[in-house]
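**Q**
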Amino acid sequence: MAKDVALIVGVGPGLGAALARRFAQGGLAVAVAARRVDALNELAREIGGRAYACDATEEDSVSQLFAAVERDLGRPTVVVYNAGAFSPGSVLEINAAEFERCWRALCLGGFLVGQRAARGMVEAGRGTILLTGATASVRGGARFANLAVGKFGLRALAQSMARELGPKGVHVAHIVIDGQIRSERYAELEKQRPADGLLDPDAIAEAYWHLHMQARSAWTLEIDLRPWVEKF
Amino acid sequence: MLTDRELAVVAGVGPGLGTALVRCFAQAGMRVACVARNAERLAVLTQETGAQAYACDITDENSVERLFARLGKEQGAPSLVVHNPSWFVMKPFLELEQADVIEAWRIACFGGFLVGRAAARAMLARGGTILFTGSTPSIKAGSGFAAFAAAKFGVRALAQSMARELGPQGIHVAHVVVDGPIDGAGSEGLKIPKLSPHDIAENFLALHRQHRSAWTQELDLRPADAKF
Chain S
1 MAKDVALIVG VGPGLGAALA RRFAQGGLAV AVAARRVDAL NELAREIGGR
51 AYACDATEED SVSQLFAAVE RDLGRPTVVV YNAGAFSPGS VLEINAAEFE
101 RCWRALCLGG FLVGQRAARG MVEAGRGTIL LTGATASVRG GARFANLAVG
151 KFGLRALAQS MARELGPKGV HVAHIVIDGQ IRSERYAELE KQRPADGLLD
201 PDAIAEAYWH LHMQARSAWT LEIDLRPWVE KF
Chain G
233 MLTDRELAVV AGVGPGLGTA LVRCFAQAGM RVACVARNAE RLAVLTQETG
283 AQAYACDITD ENSVERLFAR LGKEQGAPSL VVHNPSWFVM KPFLELEQAD
333 VIEAWRIACF GGFLVGRAAA RAMLARGGTI LFTGSTPSIK AGSGFAAFAA
383 AKFGVRALAQ SMARELGPQG IHVAHVVVDG PIDGAGSEGL KIPKLSPHDI
433 AENFLALHRQ HRSAWTQELD LRPADAKF
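Line by line, the protein sequences are chains S and G. In this text, residue positions in the first sequence follow the working numbering: the first is 1, and each later residue adds one. In this text, residue positions in the second sequence follow the working numbering: the first is 233, and each later residue adds one.
#1: Could you check how far apart the C-beta atoms of G/H315 and G/G360 are, in whole angstroms? I think they sit under 8 Å.
#2: Is there a C-beta anywhere in chain G that falls below 8 Å from the one on S/L130?
#3: Give the residues from the segment 449-460 of chain G that approach chain S closer than 9 Å (Cβ to any Cβ), ordered along the chain.
#4: Opposite S/D224 in the DSSP bridges: which residues?
#5: Is S/V229 close to chain G, meaning its C-beta is less than 8 Å from at least one C-beta of that chain?
#6: Given a limit of 8 Å on CB to CB distance, which residues of the segment 181-201 of chain S reach chain G?
#7: Which ranges does the beta strand (DSSP E) cover as unbroken runs of at least 3 residues, wholly within the segment 376-433 of chain G, from first to last along the chain?
#8: Taking its Cβ as the centre, do 16 or more other Cβ atoms sit within 10 Å of G/M233, making it buried, or is it exposed?
#9: Does the beta-carbon of G/D223 have 16 or more other beta-carbons within 10 angstroms, so that it is buried, or is it exposed?
#10: Using 8 Å as the threshold, is the segment 284-296 of chain G in touch with the segment 267-276 of chain G, meaning 3 or more CB pairs across them?
#11: Where do the N-terminal and C-terminal ends of the alpha helix (DSSP H) with S/L157 fall, by residue?
#12: When we look at the beta-carbon of S/R36 and count the other beta-carbons within 10 Å, is it buried (16 or more) or exposed?
#13: What does a CB cutoff of less than 7 Å around S/F86 pick up in its chain, not counting 5 residues either side in sequence?
#14: State yes or no: is the beta carbon of S/L154 nearer than 8 Å to at least one beta carbon in chain G?
#15: Counting contacts by CB-CB distance shorter than 8 Å, is G/M233 in contact with chain S?
#16: To which residues does DSSP link S/W219 through a beta bridge?
#17: Buried or exposed: which applies to S/P194, given that a residue is buried once 16 or more other Cβ atoms fall within 10 Å of its Cβ?
#18: For G/G366 and G/D415, I'd like the C-alpha separation in whole angstroms.
#19: Entirely within the segment 314-369 of chain G and at least 3 residues each: give me those beta strand (DSSP E) ranges in chain order.
#20: What residues in its chain sit with their C-beta under 6 Å from that of S/I129, if we drop five residues either side in the sequence?
#21: Could you tell me how far apart the beta carbons of G/A350 and G/E297 are, in whole angstroms, since I believe they sit closer than 8 Å?
#22: Taking a cut of 9 Å between CB atoms, which residues from the segment 9-35 of chain S lie near chain G?
#23: Shorter than 8 Å from the beta carbon of S/D224 to some beta carbon of chain G?
#24: Specify whether the segment 388-395 of chain G and the segment 405-412 of chain G touch according to this definition: at least 3 beta carbon pairs, one from each stretch, less than 8 Å apart.
#25: With a cut-off of 8 Å on the beta carbons, I'd call S/S137 and S/R155 a contact; round off their distance for me.
#26: Quick one: which residues of the segment 280-300 of chain G get their C-beta closer than 7 Å to a C-beta of chain S? List them in chain order.
#27: Does S/L199 come out as helix, strand or coil in the three-state DSSP assignment?
#28: How about G/Q449: is its Cβ closer than 7 Å to a heavy atom in the ligand GTP?
#29: Determine the direct distance from the alpha carbon of S/E70 to that of S/R104, and round the result to whole angstroms.
#30: Who pairs with G/L239 in a beta bridge, going by DSSP?
#31: May I have the straight-line CA-CA distance separating G/G246 from G/A265, to the nearest angstrom?
#32: Determine the direct distance from the alpha carbon of S/G26 to that of G/A378, and round the result to whole angstroms.
#33: Closest to S/V229 by C-alpha separation, out of S/E206, S/A205, S/L65, S/E190, would be which residue?
#34: For G/L363, return the contacting residues in chain S, with the cut-off set at a CB-CB distance below 7 Å.
#35: Taking Cβ to Cβ, would you say S/D202 is nearer than 8 Å to S/P227?
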C-alpha cells in the first residue's frame, strides 16, 4: 500500500524541519515546500522526502505545488501551513506595503493552501489540515500589528474551516505556539532560562503528530503550547 | 508497595469517562488509584484493570487530606491526577434551588480545588500532571445551565490560575473541554454525535506525556461531525 503523504508548507530549519522529520518518522512520505528550495534539499534527502519551491501567496504557485506533490508522491493526507512573514514596528510607522505583505504570507497563503488541500481531502473523505498560530493569534501586542492581523485572520480561517469540513471527514486544527521556539536567534534568552525554557521544535512537532492521530470522535480545534516556565 | 511505575489517580470514576481513564492509564503501564464516594462500586473495574479503589468524599477537606496521606503511604507520590467528577443540573432558571447551585459547585469546583491542592502538594518534589475534565458549559452557559455552567466556569478558572502558578514549579495543569455528549454515559437518548470515552482518555494520556518545553493548558475535544 502506498504511504500517506504529508505536505509541510513554510519549512525553515526550526519547526518546519522538525515537523517534516516527525511525519517521516510516523511512516508518511513527506513533501517540504518553501519559497527557496535550495535550503530544503538536504532535509528532503535526510527524510527520504521531496522538496518543492512555492510562493504560497500566489494561487498559481500553490496549484503547481499540489500538482507536483500529487504526481510525485500522491495526494496529501496531512497538510501543514507553517509559513509567515513579520516585521515588528509602531503602528505609527509601519507602511501599507509591509502590512499587506505580512497578511498575504500569514493569512492569504493559509487560505490558498488550505482550500487546495481541503478539495482533495473532501473527495477522499479524510485528511488533516494544521495551521501554525502564535501568541499573536489571540493577542495583538504593541508593535505587533503586522503579525497579529494576519495571525488572527488565520485563526478565524481555521475555525470556519473546521466547522465546515469536520463533518466531511477533514480535521482542521490551529496550534497556538505561545512562546519563543529554541533557535540561534534566541540563544541568549535560552541561557537566561532553566532547562527546557524555550519551546523545543521536536516537542511542538509531537503535538502536531498527536492532532493528526486523534480519533474522529474526539478532535481538537485549537491547542496551545508553551514552555513550563512561560509567563502567560 | 513502591515501584518505578507511575501512579495515576482518577477522582470521579463513573461508568463513562472515569472508567475509560482508568483503563487507559492501566494499559499504558501505570498504577492506577480510582477514587469514588462508594469504592465498592468499583470492584469490577479494579479486578479488570488491577487498579486500586479508594473511598473519598472529594467535597470534604478532611476526607481528601486523608486520601492523599494514605496514597502517599501506600503508593508514593502520584505523577498524574485527574479531577473528573461533576454534578449535572439542567433546569429552568426560575426553578433552580439553592441546593442545585451549591451541589453543582461543591462537586466540580470546590472538589477540584481540594483535589488539585492536595495533588499539587504531593507533586512539588518531583513534578507531575493535574488534569481537569471540562465540558461545553465550561465555556458557554446555555439556557438552563446557570448552576452547572457557573460551577464549570469556576473549574476552568481554577485550572488557569493553577497552571500559571504551578507550571514554573514543574507541575503541568491542563483543562480538557469535552465539547459534546460522551457515548454511553446516560447519553443514549441524545441524537447528536458523541465522543467515545476511550478516545477522550487517549488525549488525557497525551497531555500527561507532553514534554515540558511545550505544555498545553487547554484542549478542546469534539466529534468530527459535531455542530459547534
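Every residue gets a Cβ at the ideal spot worked out from N, C-alpha and C, and that includes glycine.
**A** On the basis of the coordinates in this document:
#1: As a position in the second sequence, residue 315 of chain G is number 83, starting the count at 1. As a position in the second sequence, residue 360 of chain G is number 128, starting the count at 1. The Cβ separation is near 13 Å, so there is no contact.
#2: As a position in the first sequence, residue 130 of chain S is number 130, starting the count at 1. So, not an interface residue.
#3: With the criterion set as a beta carbon lying under 9 Å from some beta carbon of chain S, the members of the segment 449-460 of chain G are Q449, E450, L451, D452, L453, R454, P455, A456, D457, A458, K459, F460, in sequence order.
#4: Taking the first residue of the first sequence as 1, we reach residue 224 of chain S at position 224. Among the bridge pairs identified by DSSP, S/D224 is matched with S/V176.
#5: Position 229 of the first sequence, counted from the start, is the residue given in the question as residue 229 of chain S. It does; some Cβ of chain G falls within 8 Å.
#6: For the segment 181-201 of chain S, the set of positions with a beta-carbon nearer than 8 Å to some beta-carbon of chain G reads R182, D196, G197, L198, L199, D200 in chain order.
#7: The segment 376-433 of chain G is shown to contain whole beta strand (DSSP E) runs of 3 or more residues at 403-410, in chain order.
#8: Position 1 of the second sequence holds residue 233 of chain G. Below a pLDDT of 50, predicted positions are generally treated as unreliable, and G/M233, at 49, falls in that range; the measurement from the model is reported next regardless. By the neighbour-count rule (16 or more Cβ atoms within 10 Å), G/M233 is not buried but exposed.
#9: With chain G represented from 233 up to 460, any question about residue 223 of chain G goes unanswered, as that position is not in the structure.
#10: Yes: the two stretches touch, three or more of their Cβ pairs being nearer than 8 Å.
#11: Position 157 of the first sequence, counting from 1, holds the residue named residue 157 of chain S. For S/L157, the enclosing alpha helix (DSSP H) has its first and last residue at 145-165.
#12: By one-based count along the first sequence, residue 36 of chain S stands at place 36. By the 10 Å Cβ count, S/R36 comes out exposed.
#13: As a first step, residue 86 of chain S must be located in the first sequence, where it is residue number 86. Excluding sequence neighbours, S/F86 sits near C102, N146, L147.
#14: Sequence index remark: in the first sequence, residue 154 of chain S carries index 154 (1-based). Cβ-Cβ to chain G under 8 Å: no for S/L154.
#15: Stepping through the second sequence from its first residue, residue 233 of chain G is reached at position 1. At G/M233 the pLDDT is 49, less than 50, meaning the model places this residue with poor confidence; the figure from the coordinates comes in the next sentence. Chain S, which has no Cβ nearer than 8 Å to the Cβ of G/M233, makes this no.
#16: Mapped onto the first sequence, residue 219 of chain S falls at position 219. Paired residues: G/R454.
#17: Here residue 194 of chain S refers to the residue found at position 194 of the first sequence. Residue environment: S/P194 is assigned as exposed (fewer than 16 neighbouring CB atoms within 10 Å of its CB, all protein chains considered).
#18: Counted from its first residue, the second sequence places residue 366 of chain G at position 134. Counted from its first residue, the second sequence places residue 415 of chain G at position 183. Using only the alpha carbons, I get a separation of about 16 Å.
#19: Here the runs fully enclosed are 360-367.
#20: For the purposes of this step, residue 129 of chain S is taken as residue 129 along the first sequence, with counting starting at 1. Closer than 6 Å at the Cβ level, and outside the excluded window around S/I129, lie V79, G114, A117, V172.
#21: For the purposes of this step, residue 350 of chain G is identified with residue 118 of the second sequence, where counting begins at 1. For the purposes of this step, residue 297 of chain G is identified with residue 65 of the second sequence, where counting begins at 1. Going by Cβ atoms, the distance from G/A350 to G/E297 rounds to 6 Å, so yes, they are a contact pair.
#22: Listed in sequence order: no entries.
#23: Counting from 1 along the first sequence, the entry for residue 224 of chain S is found at position 224. Closer than 8 Å to some Cβ of chain G, the Cβ of S/D224 qualifies, so yes.
#24: Output reads yes: the segment 405-412 of chain G touches the segment 388-395 of chain G.
#25: Taking the first residue of the first sequence as 1, we reach residue 137 of chain S at position 137. Taking the first residue of the first sequence as 1, we reach residue 155 of chain S at position 155. In this structure, S/S137 and S/R155 form a Cβ contact; the two beta carbons are roughly 5 Å apart against a cut-off of 8 Å.
#26: Within the segment 280-300 of chain G, no residue qualifies.
#27: Locating residue 199 of chain S in the first sequence gives position 199, counting from the first residue. In this structure, S/L199 counts as strand in the three-state DSSP scheme.
#28: Although the ligand GTP was asked about, the structure shown includes no ligands whatsoever.
#29: Here residue 104 of chain S refers to the residue found at position 104 when the first sequence is read from its first residue. Here residue 70 of chain S refers to the residue found at position 70 when the first sequence is read from its first residue. For the pair S/R104 and S/E70, the Cα-to-Cα distance works out to about 25 Å.
#30: Against the second sequence, residue 239 of chain G aligns to sequence position 7. Its beta-bridge partners are G/R263.
#31: Looking up residue 246 of chain G in the second sequence gives position 14. Looking up residue 265 of chain G in the second sequence gives position 33. Put simply, the backbone Cα of G/G246 is about 14 Å away from that of G/A265.
#32: Taking the second sequence and counting its residues from 1, the one referred to as residue 378 of chain G is at position 146. Taking the first sequence and counting its residues from 1, the one referred to as residue 26 of chain S is at position 26. If I take the Cα positions, the gap works out to 45 Å.
#33: Along the first sequence, one-based indexing puts residue 229 of chain S at 229. Looking at the Cα atoms, S/E190 is the closest of the given residues.
#34: For the purposes of this step, residue 363 of chain G is taken as residue 131 along the second sequence, with counting starting at 1. Those do not exist, as G/L363 stays about 14 Å from chain S at its closest Cβ, beyond 7 Å.
#35: Residue numbering aside, residue 202 of chain S sits at position 202 when the first sequence is read from its first letter. Residue numbering aside, residue 227 of chain S sits at position 227 when the first sequence is read from its first letter. Cβ distance not < 8 Å, so S/D202 and S/P227 don't count as in contact.
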